[in-house]
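Engineer: Take this structure first; my questions come after.
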Amino acid sequence: MSALSPVPLPPAALRLAFDATALAANWQALDRLSGAARAGAAVKADAYGLGAARVVPILAQAGCRDWFVAHWCEVPDLLPHVPPASIHVLHGPMNAADVAYARATGVSPVLNSLAQVQRWREAGGGLCDLMVDTGINRLGLPLADLGDPALAGLDIDCCISHLASADEDVAQNAQQLERFNAVRAQVPARRYSLANSAGIALGAPWHADLTRPGIALYGGIVRSELAGVIAPVARPQAAVIQRRQLSAGDRVGYNATFVADRPIAAAVVAVGYADGYLRTWSGRGEFMWQGRALPVLGRVSMDMTIVDATSAPDLAEGDWLDLAYNLPEAAKISGLSQYELLTLLGRRFLREKPRPAS
Ligand SMILES: *Cc1c(COP(=O)(O)O)cnc(C)c1O
């Protein structure tokens, strides 16, 4: 019951079912593959859309001790679950407010430029991380800045760099590793960290002390070495809200991009592009019900998608369908990346917190 209504909110018609056992097993597999290094976890973007509040306690239980988020606004979701110093904020302190928040909470800022280093030192400094750019040209100090006197005396927990193309077999991977090894010789830090999910699969030279898997924790297969090792975690599901019978010649959905050439038993499903089920799935997505594949008919709309349920005569309004959402396969079909497929899934998907361990 809510404060605003004496009647409880009815159940959701969209949910993101979630396999906690697979999530924990994926982290353990990535930690094992990291060899002598420990695996942390990238939990930015609400744990890639799965819900940081349910993901973080499960990974902490599995043994994870380091957490990477992008924005400061993502920190409060983690603070109830893990020690502040184990949270690393990748975007770093952009202004005095960020610095004040880092110092007050004890969260670790990732310093990305000499300006951020200066800002941190002027406020009194303390334990921090340092991002060095070894070739992605995104965030991080350029190698040319590493001799700057402002770096002397910084108390660096993790000295980090980020791989640009670890999901491909290209010369850039060895080049970034070589540069990172030079950084290690030059920048004193407690720990060094280079590899994301794909970087873990590149092998021991890339592992350093701490790895930072994200997508593979959540079921993404970004290199062939991870196939058979990493299990799916998230299963988006949507309820049928109406069934209707189509005759030959009937047009379906906006702009009538599908016209029935025979009688079709259609079902209207409560998911649309506002939920991240983008229009790219129009005419090519599928939903699964009791082992049967129900193809999408016509355009995906904002809140609804229409499917061909002729093969499922028993399917009723209120029944739940699984989106066909095997990440590597869905990426090929949709043209979206596995990362986009997860982080797109909108707020209307119910993300249930795990039941407390009994
Ligand atoms: C997102 C991110 C990761 C995780 O990358 P995956 O490819 O999802 O494993 C690691 N490190 C940094 C700096 C990131 O921004």
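Sequential numbering from 1 applies to the sequence shown in full-length UniProt numbering.
C-beta atoms are modelled at their ideal positions from N, C-alpha and C, and glycine is treated no differently.
Owing to the predicted nature of the structure, the values given are computational and were not obtained by experimental measurement.
Going by the DSSP bridge assignment, what does residue 390 pair with across the sheet?
Structural biologist: As displayed, the chain neither begins before 1 nor continues past 358, which places residue 390 out of reach and without an answer.
Engineer: Using 7 Å as the cut-off, classify the Cβ of N326 as near or not near the heavy atoms of ligand 1, replying yes or no.
Structural biologist: no
Engineer: Mind reading off the beta-carbon distance from I264 to L246? Whole number of angstroms is fine, and I expect it under 8 Å.
Structural biologist: 4 Å
Engineer: At 3 residues or longer, and completely inside the UniProt domain "Alanine racemase C-terminal" (233 to 353): list those beta strand (DSSP E) runs for me, N to C.
Structural biologist: 234 to 246, 264 to 269, 286 to 289, 292 to 295, 305 to 308 and 320 to 323
Engineer: Tell me whether I215, by its Cβ, gets closer than 7 Å to a heavy atom of ligand 1.
Structural biologist: yes
Engineer: For R191, does the three-state DSSP call read helix, strand or coil?
Structural biologist: strand
Engineer: For T105 and L194, I'd like the C-alpha separation in whole angstroms.
Structural biologist: One Cα belongs to T105, the other to L194, and the distance between them is close to 26 Å.
Engineer: Which term fits residue 415, buried or exposed, when burial requires 16 or more other beta carbons within 10 angstroms of its beta carbon?
Structural biologist: This structure cannot settle anything about residue 415, because the visible part of the chain is limited to 1 through 358.
Engineer: Over the uninterrupted alpha helix (DSSP H) stretch that includes I58, give me the two end residues.
Structural biologist: Judged by DSSP secondary structure, I58 falls within the alpha helix (DSSP H) whose first and last residues are A52 to A62.
Engineer: To the nearest angstrom, how far is the alpha carbon of A216 from that of D169?
Structural biologist: 18 Å
Engineer: Provide the residue span of the beta strand (DSSP E) that contains R179, from first to last.
Structural biologist: That residue, R179, is in no beta strand (DSSP E); its alpha helix (DSSP H) goes A171 to Q186.
Engineer: Would you mind reading off the limits of the alpha helix (DSSP H) that contains R119?
Structural biologist: L114 to E122
Engineer: May I have the straight-line CA-CA distance separating A152 from L111, to the nearest angstrom?
Structural biologist: Taking the straight line joining both Cα atoms gives about 14 Å.
Engineer: Check whether the region 294 to 301 and the region 334 to 354 touch, using three or more Cβ-Cβ pairs below 8 Å as the test.
Structural biologist: no
Engineer: Closest to G40 by CA distance: which of Q61, G49 and L50 is it?
Structural biologist: Q61
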